[in-house]
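In full-length UniProt numbering, the protein residues as written are 1 to 406.
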Amino acid sequence: MWRLFRPRTGAASASTLAARAIVPKVPGRQTVIVQRVKISRPRFRPRTFFLGAGISLVCWQMYWSTVLNPFFRHVDREYESLSVAEKKALDEEMDEEAEPWFIPFPFTTKSVDQPPYKGSDPEWEQFLKISRDKETQLQMRSQLSQRVKAAVEDNPRITASGGNPVRIRRYWLDIDFPYRPPPVFYSSGLLVQGDGIYWSRQEVDSFAVKRLEKVLWPQAMAVSTWAFASTLFKQHFTAISRALGFESSKPVQPFPPIRGGNVQQKTQGPLPSANRQTPDGTPAENASHDVSKTADSRQTDGPESGGKTNFVRDVAISHAEGMKHITAGPVREFWKKLSQTWWSPNRYPPRGCVLVSGFVECEMPKAVVVIDVWGFWNPKTKMFDSDLTYMRLRRFQPKRQGPLRA
Numbered sequence: 001m002w003r004l005f006r007p008r009t010g011a012a013s014a015s016t017l018a019a020r021a022i023v024p025k026v027p028g029r030q031t032v033i034v035q036r037v038k039i040s041r042p043r044f045r046p047r048t049f050f051l052g053a054g055i056s057l058v059c060w061q062m063y064w065s066t067v068l069n070p071f072f073r074h075v076d077r078e079y080e081s082l083s084v085a086e087k088k089a090l091d092e093e094m095d096e097e098a099e100p101w102f103i104p105f106p107f108t109t110k111s112v113d114q115p116p117y118k119g120s121d122p123e124w125e126q127f128l129k130i131s132r133d134k135e136t137q138l139q140m141r142s143q144l145s146q147r148v149k150a151a152v153e154d155n156p157r158i159t160a161s162g163g164n165p166v167r168i169r170r171y172w173l174d175i176d177f178p179y180r181p182p183p184v185f186y187s188s189g190l191l192v193q194g195d196g197i198y199w200s201r202q203e204v205d206s207f208a209v210k211r212l213e214k215v216l217w218p219q220a221m222a223v224s225t226w227a228f229a230s231t232l233f234k235q236h237f238t239a240i241s242r243a244l245g246f247e248s249s250k251p252v253q254p255f256p257p258i259r260g261g262n263v264q265q266k267t268q269g270p271l272p273s274a275n276r277q278t279p280d281g282t283p284a285e286n287a288s289h290d291v292s293k294t295a296d297s298r299q300t301d302g303p304e305s306g307g308k309t310n311f312v313r314d315v316a317i318s319h320a321e322g323m324k325h326i327t328a329g330p331v332r333e334f335w336k337k338l339s340q341t342w343w344s345p346n347r348y349p350p351r352g353c354v355l356v357s358g359f360v361e362c363e364m365p366k367a368v369v370v371i372d373v374w375g376f377w378n379p380k381t382k383m384f385d386s387d388l389t390y391m392r393l394r395r396f397q398p399k400r401q402g403p404l405r406a
């Protein structure tokens with residue numbers, strides 16, 4: 001049965017090849033050419049190996065004799081010049097184990113949510129003490145309001161409009177106890193120790209994580225650049241549509257204003273007669289002659305045609321002025337969007353901190369200012385951290401208002 005599947009040999013195969021050769025080739029078809037390629041490994045050549053080893057040895061010997069050996073000899077001389085006490089202190093310092101150095105890698109940071117507080121946790125017990133102590137709560141609110149007052153006094157723009165001194169009029173501050181600690185960030189990287197280098201996963205600072213995220217994902221810069229490009233495109237599109245007549249342009253004055261109208265009016269007046277004299281006593285003809293001479297001298301003060309001019313500088317200045325005029329509006333949109341979307345990264349508070357938030361109203365001689373504020377009070381230090389206190393101007397109300405138009 002398997003004979004039916006065997007390839008034909010002999011006359012049958014020859015006839016098949018002949019038939020294929022006789023059949024005319026279709027111009028649309030292409031002949032497939034199969035080539036055999038043999039990949040051979042490069043042979044080991046002792047000559048190349050020994051030549052490279054010799055060159056490397058010579059380079060190492062030169063580097064050792066010119067750089068490393070003089071440096072080590074200098075260190076030995078400095079060590080020998082030390083006293084016995086200094087040598088002992090240096091040896092003790094070298095024997096101490098150095099702190100490991102961790103190098104985090106980007107795109108390996110992960111945020112891990114912490115479990116909620118338990119009733120037996122020391123942080124929750126501290127929260128219970130604060131909730132029952134009214135004096136501590138009053139102290140927390142007073143500290144935060146005083147920080148707001150100091151910030152208003154140090155702001156030159158607010159004090160320039162409202163004046164000094166600043167007095168706390170009233171405040172509304174709430175105290176909130178968090179149910180769980182802030183998340184913890186872990187990053188993978190290289191851990192350099194005295195006995196070697198290891199791949200490790202360590203806890204990193206939340207502020208460093210936020211700063212790295214703003215560098216790797218510049219959202220504010222991307223949005224501002226998009227605002228610049230879109231404004232520039234709209235400006236060019238409007239100019240092209242006006243040039244093609246699809247949009248009504250501004251009415252053009254038929255005759256531009258003529259400068260020096262007084263001079264033309266003077267020249268249209270009656271010419272001085274020959275018998276008239278000028279105030280300095282000269283005849284009117286001489287005066288008119290002097291005027292014509294001064295006019296001719298003013299005309300000849302400019303550069304003559306064919307004189308030397310800095311053409312490249314003039315063209316560069318004109319192009320720079322044109323680009324500055326074209327990009328003035330888009331640049332304003334860029335800085336406006338950047339000021340709206342850019343903010344400094346906020347760090348998470350330490351474990352066990354209490355949130356105090358609300359508003360503080362400050363009275364000034366000329367205005368009343370309302371400041372939104374939120375800060376984290378640390379029970380261990382019993383203070384507000386300046387890096388964890390945030391403020392925002394909600395309202396600036398002048399005491400006396402006048403109309404904008406007379």
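All residues carry an ideal CB built from backbone N, CA and C; glycine is no exception.
Close beta carbons around residue i, own chain, < 8 Å, minus the five adjacent residues each side
i           : result
residue 340 : none
residue 335 : 224
residue 72  : none
residue 161 : 366, 367, 396, 398
residue 169 : 361, 362, 363, 368
N- and C-terminal bounds of the beta strand (DSSP E) containing residue i
i           : result
residue 375 : 367 to 378
residue 39  : Note, residue 39: premise wrong, no beta strand (DSSP E); not H, not E.
residue 354 : 354 to 363
residue 392 : 383 to 398
Neighbourhood of residue i by C-beta, 7 Å cutoff - its chain only, sequence neighbours within 5 removed
i           : result
residue 184 : 112, 114, 203
residue 337 : 223, 224, 227
residue 68  : none
residue 178 : 355
residue 124 : 117, 118
Status (buried if at least 16 other CB within 10 Å, exposed otherwise) for residue i
i           : result
residue 227 : buried
residue 295 : Bear in mind that a pLDDT of 45 at residue 295, under 50, signals an unreliable position, so the number given afterwards is only what the model happens to contain. Answer is exposed; the Cβ neighbour count stays below 16.
residue 187 : buried
residue 361 : buried
residue 131 : exposed
residue 377 : buried
residue 457 : Since the first and last residues shown for the chain are 1 and 406, residue 457 lies out of range.
residue 104 : buried
residue 240 : exposed
residue 63  : exposed
residue 238 : exposed
residue 218 : exposed
residue 399 : exposed
residue 42  : exposed
residue 323 : exposed
residue 381 : exposed
residue 56  : exposed
residue 231 : buried
residue 158 : buried
residue 44  : exposed
residue 416 : Because residue 416 is not part of the residues shown, which for the chain are 1 to 406, the question remains open.
residue 52  : exposed
Contacting residues, own chain, Cβ-Cβ under 6 Å from residue i (five flanking each side not counted)
i           : result
residue 210 : 345
residue 374 : 357, 390
residue 91  : none
residue 372 : 359, 392, 394
residue 401 : none
Residue i, enclosing alpha helix (DSSP H) - first and last residue
i           : result
residue 235 : 219 to 244
residue 338 : 328 to 341
residue 160 : 156 to 162
Do three or more CB pairs link the region 204 to 215 to the region 336 to 351 at distances below 8 Å? yes
Kindly provide the ranges of any beta strand (DSSP E) runs that are 3 or more residues long and lie completely inside the region 52 to 136, ordered along the chain. 101 to 104, 110 to 112
Please give the ranges of any beta strand (DSSP E) in the region 165 to 219, keeping only runs that are unbroken, at least 3 residues long and fully inside the region. 167 to 176, 184 to 193, 196 to 204
Are three or more beta carbon pairs between the region 162 to 177 and the region 73 to 85 nearer than 8 Å? Taking 8 Å as the limit for Cβ pairs, the verdict is that the region 73 to 85 does not touch the region 162 to 177.
Using 8 Å as the Cβ pair cut-off and three pairs as the minimum, do the region 383 to 401 and the region 135 to 155 touch? yes
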